[in-house]
Each structure stands twice: as structure tokens, then as C-alpha cells.
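Shown next, in C-alpha cells, is the structure this report addresses.
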Amino acid sequence: MTTARRVQKFRSIEEMNAAKVATSDEADFERFLRHCARYWALAPRTYPRGVFKFRDIDEAQRARDRRASGSGH
235 MTTARRVQKF RSIEEMNAAK VATSDEADFE RFLRHCARYW ALAPRTYPRG VFKFRDIDEA
295 QRARDRRASG SGH
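Going by this note's numbering, 285 is the number at position 51 of the sequence shown; the sequence numbering is gapless.
Written as C-alpha cells, this is what we have:
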């Protein structure tokens, strides 16, 4: 998984700014996708079953907070 990266040394900031930046966009994006897949495998989103009606927005927010904290369904 680890790719070898070359260490660059510079004598001045101007020399550093003039240097090309080595990028591997495809490899970085593939790594990002693998990271996302691993995250969702470890912590899948769960949605409560059913249809819920609330009297007002405050009641809906309290229900969301209870669901997020894990106390109750």
C-alpha cells in the first residue's frame, strides 16, 4: 500500500516554489474510495423503521437527538 516518495531538499523558498509537485491523483482517489468503503463497513448508517409524525420541529429534533445518542428508538 505504501508508495515510495522521493525526498526533495531545497536551499531557498524560491527554489521550493519553482519545483513541480508530484501528484498521483488516481491513486489518491482510489485510496479515498477504499477509506470510505471501510468506514461504511465499520459504521453503517441505520435508519429507524416506520413513519413518524411530530407535532412540531422541536419534537422532531428531540427524537433525532435521542436516536443519535442511542437512548431509545
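C-beta: ideal position from N, C-alpha, C; glycine also.
All values derive from a computational prediction rather than experimental measurement.
*Short check: CB of GLN242 to CB of ALA252, under 9 Å?*
As a first step, residue 242 must be located in the sequence shown, where it is residue number 8. As a first step, residue 252 must be located in the sequence shown, where it is residue number 18. Not in contact: GLN242 and ALA252 (Cβ atoms no closer than 9 Å).
*Pick from PHE266, ARG300, ASP290 and ARG245 that is closest to TYR281, judged by C-alpha positions*: The residue labelled residue 281 in the question sits at position 47 within the sequence shown. Here the closest residue by C-alpha is ARG300.
_Closest residue to VAL255 among ARG240, PHE263 and SER303 (Cα-Cα distance)_ = Against the sequence shown, residue 255 aligns to sequence position 21. Among ARG240, PHE263 and SER303, the Cα nearest to that of VAL255 is on ARG240.
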